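Just so we're aligned, residue 3 is where the sequence shown starts under our numbering, counting upward by one.
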Amino acid sequence: MALSFSFGGLPIPPLIDRTTIACSSNNTSSSHAFDAAYIKRAAELADKSAGFTAPHPNLGCVVATTANGSGKEGRPGVVVGEGYLYAEGTSPAELQAVESAGELSRGATAFLNMEPGDCYSDRTAVSALVNAGISRVVIGIRHPLPHLRGNAIRALRSEGLKVDVLGEDIQSKTIEEALKSCLLVNAPLLYRAANRVPFSVLKYAMTLDGKIAASSGHASWISSKKSRTLVFQLRGRSDAVIVGGNTVRRDNPRLTARHGGGHLPRRIVMSRTLNLPEVANLWDVAEVPTIVATQRGAQKSFQKYLASKDVEVVEFDILNPKDVMEYFYDRGYLSILWECGGTLAASAITSGVIHKVHAFVAPKIIGGRNAPSPVGELGMVEMSQAMELIDVSYEQIGPDMLISGFLQPVPDLSPTIPSIEETSAVDPSVSPYESSIIFFYKTWDPYGAFSNFSPHAIRIPDENGDYFSWPSVEHYYQAQKFIGVTNSIAQTCLDEIKSARSPEEAARIGRKIQRQHPHLVRDDWESVKINIMYKGLKCKFSIYPHLNSMLLSTAGSVLVEASPHDLFWGGGRDGEGLNYLGRLLMQLRSEFLGDFSASHDQSTTHQERKDELNRL
């Protein structure tokens with residue numbers, strides 16, 4: 003069963019194949035109703051990759067003509083193209099939709115659930131709509147990220163397209179429902195933008211008398227198999243799943259998505275004391291990484307043991323949900339599922355980091371004075387203090403009832419807050435580039451185009467001198483791990499990386515094989531990987547003029563890849579990382595500016611380049 007954008011467990015309809023949505027009149031209210039219907043469809047499309055890829059901004063696009071074939075203002079009639087963003091670093095929804103529509107795009111209307119994000123300074127989405135001959139664009143909501151907000155709308159209007167933002171000129175129940183669809187499908191992005199923490203969902207299953215286990219601690223199973231299958235899908239839509247130490251000790255969970263493929267969320271364990279078992283399913287990281295968050299200085303010997311199992315340990319001065327969520331915000335996480343016990347759940351709710359609740363209620367009664375409940379002590383003594391859920395929904399899942407609702411309303415960012423660029427245009431004394439350090443990480447960051455995950459294809463010679471095209475630098479980099487290895491598994495992995503639909507999938511395949519079969523990685527990998535990344539980046543910034551200009555515009559600034567956990571390519575959590583990706587970009591910038599001789603190129607050895615990077 004596929005989850006819908008409303009996270010309620012409902013399937014979305016299949017792609018529309020040039021169908022017509024019937025209408026009864028041509029008046030203005032009917033036109034707005036059809037705008038709303040197509041925007042709602044775009045929101046449904048935007049959710050189609052959920053569970054298959056890591057959470058990312060969800061964008062869908064519907065291209066429709068009018069009933070008489072004209073795309074100018076009037077009644078929409080026939081859907082001629084659709085598309086959705088599959089993953090970070092893949093083809094924009096708008097480009098897919100107009101390519102699907104072909105010549106029928108000319109004069110048609112494009113419906114987008116959210117304003118496109120010009121993350122790569124190449125205006126791919128905008129250019130696709132303009133070049134296809136789209137005459138009108140209807141947008142559900144403006145982009146919530148300040149550095150992207152309003153950019154695409156202004157660009158489209160400057161090209162002569164009519165752009166309408168749903169609900170900004172007229173309000174109705176139909177429009178309100180369509181806007182709600184747009185807000186829900188990008189709830190993680192909206193919460194992240196507004197609160198600077200990942201969107202967090204608390205999930206639990208309880209009996210009819212409010213127990214999550216028997217007095218003995220036994221809890222398998224409270225909910226039905228259908229409910230547990232739905233939980234696997236909820237995990238698949240999350241960057242990570244969090245549990246506490248009690249859950250590890252009591253249940254020994256795996257916390258896998260178990261959906262037969264696609265995105266596998268990381269597992270996070272929060273434990274102050276590290277009083278955890280040496281043998282646990284979560285310490286098996288062959289398929290999925292595990293991160294343990296703990297108090298600084300806790301059981302150093304056990305930390306070393308976890309490190310020997312390739313489990314990542316992150317220390318906090320004071321371990322609490324707020325600081326942990328802020329840390330994973332910095333790691334770029336959009337959505338986190340909490341499957342913890344009552345004590346940690348209460349702490350997370352009190353800290354204000356839980357935004358939504360999914361409660362599976364089973365028609366069972368277990369009783370028990372000491373049987374645990376889903377939420378521990380919140381310090382409330384009167385019923386008037388109880389927290390009420392917002393926008394509550396009810397759905398029967400087999401014999402169980404799923405009750406879902408928000409603890410905090412979905413942020414409405416519709417009031418236009420000027421971005422720093424807009425403010426600078428009005429007040430030249432305000433500079434958007436005041437800082438001498440420029441951070442980049444996720445591809446939707448202001449300098450996301452610097453990432454090796456950005457969707458910029460490169461064409462580069464292989465080991466035989468024959469040119470081969472790669473969808474991204476990350477595809478190229480991961481594939482080079484297995485070049486020249488005469489092994490069928492390595493060859494299969496190489497083929498899978500070449501055909502991976504997104505940089506994220508290419509990285510997942512390459513890292514998984516490297517972790518499970520380290521002997522299949524080429525022997526000289528550690529000595530050549532910097533040069534390989536350098537070649538890929540140089541190719542990318544050489545063949546895309548707008549990227550080259552963007553890189554040169556940072557002259558005088560330090561470039562830092564802001565990954566808090568990759569201490570080789572990134573800058574680390576507290577600046578302890580080696581930041582080789584940032585250093586490579588600064589070296590390329592110097593070369594493009596003419597600071598290096600023309601001969602300083604591919605012949606430079608790994609060690610020579612490493613020495614030069616260390617001097618930057």
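Note that the Cβ used here is the ideal one computed from N, Cα and C, for glycine as well.
Treat the numbers as computed from the prediction; the structure is a model and nothing was measured.
Cα-Cα separation, Gly238 to Leu561: In the sequence shown, counting from the first residue as 1, residue 238 sits at position 236. In the sequence shown, counting from the first residue as 1, residue 561 sits at position 559. Straight across, the Cα-Cα distance linking Gly238 with Leu561 is about 33 Å.
Please check if any C-beta of chain D sits within less than 9 Å of the C-beta of Glu90. Here there is only one protein chain, and chain D is not present.
So, with DSSP's three-state summary, where would you put Tyr331? Residue mapping note: residue 331 aligns to position 329 of the sequence shown, counting from 1. Three-state result, Tyr331: helix.
Let's test the definition: count the other Cβ atoms within 10 Å of the Cβ of Ile320 and tell me whether it reaches 16, buried, or not, exposed. The count along the sequence shown starts at 1 and reaches residue 320 at position 318. Under this definition Ile320 is an exposed residue.
Sorted by chain position, which residues of the same chain lie with C-beta nearer than 8 Å to Ser438's C-beta, five sequence neighbours on each side aside? Translated into the one-based positions of the sequence shown, residue 438 becomes position 436. Answer for Ser438: Gly558, Ser559, Val560, listed in chain order.
Starting from the Cα of Val363, find the closest Cα among Leu391, Asp166, Tyr396 and give me that residue. As a working note, residue 363 is residue 361 in the sequence shown. Among Leu391, Asp166, Tyr396, the Cα nearest to that of Val363 belongs to Tyr396.
Per DSSP, cross-strand counterpart(s) of Asp402: Sequence index remark: in the sequence shown, residue 402 carries index 400 (1-based). In DSSP, Asp402 forms a bridge with Ile399.
Do Val1 and Tyr40 have their C-beta atoms closer together than 9 Å? Residue 1 lies beyond the residue range present for the chain, which begins at 3 and ends at 618; the question has no answer from this structure.
Is the beta carbon of Tyr449 within less than 8 Å of some heavy atom of the ligand FMN? Ligands in the displayed structure: none, and consequently the ligand FMN is not present.
Helix, strand or coil, according to DSSP, for Met272 in the structure here? As a working mapping, residue 272 is identified with position 270 in the sequence shown. Residue state, collapsed to three classes: strand.
From Pro566, Gly572, Ser551, Ala564, pick the residue whose C-alpha is nearest to that of Leu590; which is it? Residue mapping note: residue 590 aligns to position 588 of the sequence shown, counting from 1. Comparing Cα positions, the closest option is Ser551.
N-terminal and C-terminal residue of the beta strand (DSSP E) that Ser202 is part of: Within the sequence shown, numbered from 1, the residue matching residue 202 stands at position 200. Segment 201 to 209, the beta strand (DSSP E) holding Ser202.
Pro463, DSSP secondary structure in three states: For this step, residue 463 is matched to residue 461 along the sequence shown. In the structure shown, Pro463 sits in a strand (DSSP, three-state: E or B).
Return the CA-CA distance between Ser349 and Lys324, expressed in angstroms with no decimal places. The residue you call residue 349 lines up with position 347 of the sequence shown. The residue you call residue 324 lines up with position 322 of the sequence shown. Spanning the two alpha carbons is a distance of roughly 9 Å.
Report all residues from its chain with a CB closer than 8 Å to the CB of Ser544; omit the five preceding and five following residues, and keep chain order. For the purposes of this step, residue 544 is taken as the residue at position 542 of the sequence shown. Only Asn550 meet the Cβ criterion.
Just how far apart, CA to CA, sit Gly247 and Val313? For the purposes of this step, residue 247 is identified with residue 245 of the sequence shown, where counting begins at 1. For the purposes of this step, residue 313 is identified with residue 311 of the sequence shown, where counting begins at 1. Going from the Cα of Gly247 to the Cα of Val313 covers about 15 Å.
Ile141, DSSP secondary structure in three states: Taking the sequence shown and counting its residues from 1, one reaches residue 141 at position 139. Three-state DSSP puts Ile141 in a strand.
Given 8 Å as the limit, is there contact between the stretch 334 to 348 and the stretch 382 to 389, that is, 3 or more CB pairs closer than that? no
Within a Cβ cutoff of 7 Å, which residues of the same chain sit near Thr619, ignoring the five residues on either side of it in sequence? Residue 619 is absent from the model: the chain starts at 3 and stops at 618.
Out of curiosity, what's the CA-to-CA distance linking Thr209 and Glu341? Mapped onto the sequence shown, residue 209 falls at position 207. Mapped onto the sequence shown, residue 341 falls at position 339. If you take the alpha carbons of Thr209 and Glu341, they lie about 16 Å apart.
Between the alpha carbons of Arg517 and Ser218, how many angstroms are there, rounded? As a working mapping, residue 517 is identified with position 515 in the sequence shown. As a working mapping, residue 218 is identified with position 216 in the sequence shown. Roughly 38 Å separates the two Cα atoms.
Runs of 4 residues minimum, wholly inside the stretch 309 to 358: which ones carry the alpha helix (DSSP H) assignment? 323 to 332, 344 to 352
Pro566 to Asp497 span [Cα, whole Å]: Residue mapping note: residue 566 aligns to position 564 of the sequence shown, counting from 1. Residue mapping note: residue 497 aligns to position 495 of the sequence shown, counting from 1. The straight-line gap from Cα to Cα measures roughly 31 Å.
I'd like the list of long-range same chain contacts for Gln480, defined as Cβ closer than 8 Å, with 5 residues on each side in sequence excluded. Within the sequence shown, residue 480 is the residue found at index 478, counting from 1. Within the same chain, Gln480 has close Cβ partners Ile499, Ala508, Ala509, Ile511, Gly512, Arg513.
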